[in-house]
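Undergrad: What follows is a single structure, and I will ask about it in a moment.
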Amino acid sequence: MNSLPERYREILQLLISDYITSAEPVGSRSLAKRHSGNLSPATIRNVMADLTEMGLLEQPHTSAGRIPTEAAFQYYVESLLHIHDLSDVEKESIRQQCFQKGGIEQFLHRTSGALSSMSRYIGLVVMPGWQEIELKQVEFLRLSRGRLLGIFVAQNGLVQNQLIEVDEDFTFLDLEKINNFCNRTFSGLNLSEARQKISQELESERADYDHLLRQAFLFSEKLFASVPAKEVVIEGEEHLVEHPEFSELEELKKLMAKLEEKQRILKLLDRCHEGEGVKIFVGSRAQEEGVPLSVISASYRKGGHVVGTLGVIGPTRMDYSRIVSVVDFTSKLVSDYLNGDVRS
Numbered sequence: 007m008n009s010l011p012e013r014y015r016e017i018l019q020l021l022i023s024d025y026i027t028s029a030e031p032v033g034s035r036s037l038a039k040r041h042s043g044n045l046s047p048a049t050i051r052n053v054m055a056d057l058t059e060m061g062l063l064e065q066p067h068t069s070a071g072r073i074p075t076e077a078a079f080q081y082y083v084e085s086l087l088h089i090h091d092l093s094d095v096e097k098e099s100i101r102q103q104c105f106q107k108g109g110i111e112q113f114l115h116r117t118s119g120a121l122s123s124m125s126r127y128i129g130l131v132v133m134p135g136w137q138e139i140e141l142k143q144v145e146f147l148r149l150s151r152g153r154l155l156g157i158f159v160a161q162n163g164l165v166q167n168q169l170i171e172v173d174e175d176f177t178f179l180d181l182e183k184i185n186n187f188c189n190r191t192f193s194g195l196n197l198s199e200a201r202q203k204i205s206q207e208l209e210s211e212r213a214d215y216d217h218l219l220r221q222a223f224l225f226s227e228k229l230f231a232s233v234p235a236k237e238v239v240i241e242g243e244e245h246l247v248e249h250p251e252f253s254e255l256e257e258l259k260k261l262m263a264k265l266e267e268k269q270r271i272l273k274l275l276d277r278c279h280e281g282e283g284v285k286i287f288v289g290s291r292a293q294e295e296g297v298p299l300s301v302i303s304a305s306y307r308k309g310g311h312v313v314g315t316l317g318v319i320g321p322t323r324m325d326y327s328r329i330v331s332v333v334d335f336t337s338k339l340v341s342d343y344l345n346g347d348v349r350s
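Listed below in structure tokens is the structure:
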């Protein structure tokens with residue numbers, strides 16, 4: 007398909023651009039009127055007929071105009087797309103929406119909202135998974151007899167708390183020993199490494215520490231078991247009704263059902279980890295057969311390692327040139343924030 011003649015490429019690009027803007031079938035005469043040049047309506051009509059035979063355009067029953075097929079959009083993003091540079095005003099708008107009071111979790115929730123408001127589509131952020139994040143600190147605090155508060159902090163500042171019921175009371179000195187052991191053992195490890203490490207430590211630790219260290223193991227297991235699965239923050243479902251693709255109630259219901267299946271979204275966005283940069287999944291490549299969706303996504307990093315993904319879900323007829331820039335800028339902003347390179 008890369009061997010399309012230049013005239014065909016030009017007309018296809020103009021038609022897709024018009025269709026993205028209008029959401030209406032595009033005719034040869036209207037295309038010629040809106041774009042000055044040496045292309046006559048007859049020339050455009052002949053090229054459009056050829057593009058239709060090639061499977062890049064189709065003609066709705068109710069119109070003489072043409073609309074791009076999924077294959078056309080795929081060709082567009084691979085071969086014709088010109089990236090729109092965000093203005094300083096747009097970049098500042100994203101920063102202001104993200105940087106408000108609160109910690110990392112609040113920051114990432116606001117990031118999803120910023121993606122939605124800037125795109126007028128659906129914004130999403132996959133929160134960092136604890137399994138991929140290094141632990142920084144583990145601590146158990148006595149609340150009352152038989153009740154402890156377990157806390158662990160990740161290297162990137164995320165915090166997880168869990169109330170733990172115990173069968174005995176523990177002194178301040180007992181908990182200090184347990185906390186020291188946990189921090190000595192777990193710091194710098196992820197959860198699976200921590201579980202393996204503590205088992206090894208229990209076998210080699212001094213006998214008079216055995217009881218406390220076994221308690222540390224049991225407490226830690228309960229604390230680690232409280233870790234949530236990967237969370238997907240989705241914002242902007244209300245923007246769906248702004249787009250004619252979802253004006254029909256049944257289409258909207260179908261899309262909302264897809265969005266409820268968050269494991270499908272996670273599986274799709276995990277594909278972003280396979281390489282650098284922004285990824286574009288058009289139509290069925292977004293694994294959403296029967297729903298006219300595309301996904302633009304990128305990963306964000308902490309210490310050079312991918313810890314999460316963010317992106318935009320919208321109709322196949324989305325403004326790819328602009329949304330790619332929004333997603334790219336936002337992913338870099340989040341990475342800089344997590345690495346301490348920017349401050350709120």
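Start counting the sequence shown at 7; every next residue gets the next number (the working numbering). Glycine included, each C-beta is placed from N, C-alpha and C at the ideal position.
Using the C-alpha atoms, what's the distance from TYR306 back to GLU341?
TA: Here residue 341 turns out to be Ser, not Glu, going by the sequence shown. Between SER341 and TYR306, the C-alpha separation is close to 5 Å.
Undergrad: Taking all protein chains shown into account, do 16 or more other C-beta atoms lie within 10 angstroms of the C-beta of VAL247, making it buried, or fewer, making it exposed?
TA: exposed
Undergrad: Since VAL333 contacts LEU316 with CB under 8 Å, what's their CB separation in whole angstroms?
TA: 7 Å
Undergrad: LEU181 and ASN167 - do their beta-carbons sit closer together than 8 Å?
TA: Cβ distance not < 8 Å, so ASN167 and LEU181 don't count as in contact.
Undergrad: By the 10 Å Cβ neighbour count, where 16 or more other Cβ atoms means buried, how is SER9 classified, buried or exposed?
TA: exposed
Undergrad: THR315 lies in the beta strand (DSSP E); which residues open and close that run?
TA: 311-321
Undergrad: Tell me the DSSP bridge mates of PHE158?
TA: VAL144, GLN166
Undergrad: Only counting runs of 4 or more residues, tell me where the alpha helix (DSSP H) segments fall wholly within the region 51-95, in order along the chain.
TA: 76-81
Undergrad: Please state whether DSSP places LEU130 in a helix, a strand or coil.
TA: strand
Undergrad: Touching or not, the region 48-58 and the region 31-38, by the rule of three or more beta carbon pairs under 8 Å?
TA: yes
Undergrad: Tell me the rounded alpha-carbon separation between GLU295 and GLY289.
TA: Only weak support exists for where GLU295 lies, its pLDDT of 47 falling under 50; the value from the coordinates is given anyway. Roughly 7 Å between the two C-alpha positions.
Undergrad: Go ahead and label GLN221 buried or exposed: buried means 16 or more other beta carbons lie within 10 angstroms of its beta carbon, across all protein chains shown.
TA: buried
Undergrad: So, under 8 Å CB-CB, HIS245 and TYR127 are touching, yes? Tell me the CB distance rounded to an integer number of Å.
TA: 6 Å
Undergrad: Give me the Cα-Cα distance between PHE176 and LEU219, rounded to the nearest whole angstrom.
TA: 13 Å
Undergrad: Can you round the beta-carbon distance between GLY119 and GLN103 to whole angstroms, since I take them to be within the 8 Å contact cut?
TA: 6 Å
Undergrad: Have a look at the DSSP bridge pairing and note the partners of ALA304.
TA: For ALA304, DSSP records a beta bridge to LEU316.
Undergrad: Look at the Cβ atom of LEU274, then the Cβ atom of VAL312, and state whether they are nearer than 8 Å.
TA: no
Undergrad: From ASP94, SER125, ILE240, pick the residue whose C-alpha is nearest to that of ASP325; which is it?
TA: SER125
Undergrad: Quick check on DSSP: helix, strand or coil for SER46?
TA: coil
Undergrad: Which residues does DSSP list as the beta-bridge partners of LYS285?
TA: SER303
Undergrad: Hey, is the region 182-198 in contact with the region 140-153, meaning 3+ C-beta pairs nearer than 8 Å?
TA: yes
Undergrad: Put GLU248 into one of helix, strand or coil per three-state DSSP.
TA: helix
Undergrad: Give the secondary structure of SER150 by DSSP, where H, G and I count as helix, E and B as strand, and everything else as coil.
TA: strand
Undergrad: Judging by CA-CA distance, which residue of ILE271, ARG15, ALA29, PHE252 is the nearest neighbour of GLY314?
TA: ILE271
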